[in-house]
Amino acid sequence: MSVTPLEIGDRRDQIAANLRWIRRQDERDSYADYRSAIQYVKAFLGLKHLFNYVRDNSDKLGSNTVMDLGCGVAYGIGSLASSSFGQGLDLRAITAKRKTAIGSNFDFSRVYITSVERLDGVSDNSIAAMLSFYGALSYTADPQQAVVSVDRTLVCGGVFSPICKCEFYI
Numbered sequence: 243m244s245v246t247p248l249e250i251g252d253r254r255d256q257i258a259a260n261l262r263w264i265r266r267q268d269e270r271d272s273y274a275d276y277r278s279a280i281q282y283v284k285a286f287l288g289l290k291h292l293f294n295y296v297r298d299n300s301d302k303l304g305s306n307t308v309m310d311l312g313c314g315v316a317y318g319i320g321s322l323a324s325s326s327f328g329q330g331l332d333l334r335a336i337t338a339k340r341k342t343a344i345g346s347n348f349d350f351s352r353v354y355i356t357s358v359e360r361l362d363g364v365s366d367n368s369i370a371a372m373l374s375f376y377g378a379l380s381y382t383a384d385p386q387q388a389v390v391s392v393d394r395t396l397v398c399g400g401v402f403s404p405i406c407k408c409e410f411y412i
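Quick note on this note's numbering: the sequence shown kicks off at 243 and runs consecutively.
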């Protein structure tokens with residue numbers, strides 16, 4: 243199998259350039275595995291309203307599951323789960339890599355180890371809301387497939403709320 247070289251403007255060249263840019267940002271910015279519930283609330287403007295939407299419409303949506311996509315060590319979603327914000331919601335998380343610190347921050351049985359491109363183990367039409375706080379979408383090599391996977395897992399009327407360093411994908 244031969245691989246053709248990347249040409250300027252080629253889709254793969256654009257993706258490679260975007261990934262290089264993201265890595266430079268990561269080197270410059272400090273990576274944060276431990277984001278608190280307060281940081282989530284401040285970053286996701288309207289998080290309270292989103293969670294209320296899921297709670298108030300769980301019968302219509304057929305789900306009360308909120309997923310943190312790219313959870314790091316699950317500190318943020320764990321903080322939300324133990325606060326009043328998480329009451330009445332089925333909070334879950336996705337990470338690409340098993341990290342021992344996850345178990346001390348969140349119930350590990352509620353964590354999926356999978357890539358954003360595949361979302362293995364996450365059932366179709368099962369998620370009412372998906373959050374991503376500088377998570378998986380910032381690092382995917384295939385943003386189109388990632389969005390397809392997110393769409394596959396969201397229920398009709400479900401909400402995807404990403405904060406990412408990937409404005410050029412959307």
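Every residue, glycine too, gets a C-beta built ideally from N, C-alpha and C.
Nothing here was measured: the structure is a model prediction, and the numbers come from that model.
Let's test the definition: count the other Cβ atoms within 10 Å of the Cβ of residue i and tell me whether it reaches 16, buried, or not, exposed.
i	result
I280	exposed
G400	buried
T337	buried
D301	exposed
V392	buried
Just curious, the beta strand (DSSP E) that residue i is in, first and last residue?
i	result
V414	Nothing about residue 414 can be read from this structure; the chain reaches only from 243 to 412.
F375	369–375
Any beta carbon of chain C sitting closer than 7 angstroms to that of residue i?
i	result
R266	In the structure shown, chain C cannot be found, because there is only a single protein chain.
Tell me the residue span of the alpha helix (DSSP H) that contains residue i.
i	result
R297	289–298
Distance check for residue j and residue i, CA to CA, integer angstroms please.
i	j	result
A378	V296	22 angstroms
A371	V308	5 angstroms
I405	K290	16 angstroms
I319	L373	10 angstroms
F410	F350	With a pLDDT of 46 at F410, under the threshold of 50, the predicted position of this residue should be treated as unreliable, and no value is reported.
S325	A316	14 angstroms
N347	L303	28 angstroms
C398	S380	25 angstroms
L261	R253	12 angstroms
When the distance is taken between beta carbons, is residue j closer than 7 angstroms to residue i?
i	j	result
D384	E359	yes
A285	D310	no
S305	S368	yes
T382	A388	yes
Y354	G345	no
Every unbroken beta strand (DSSP E) inside the stretch 288–362 [3 residues or more]: 307–311, 332–337, 353–355
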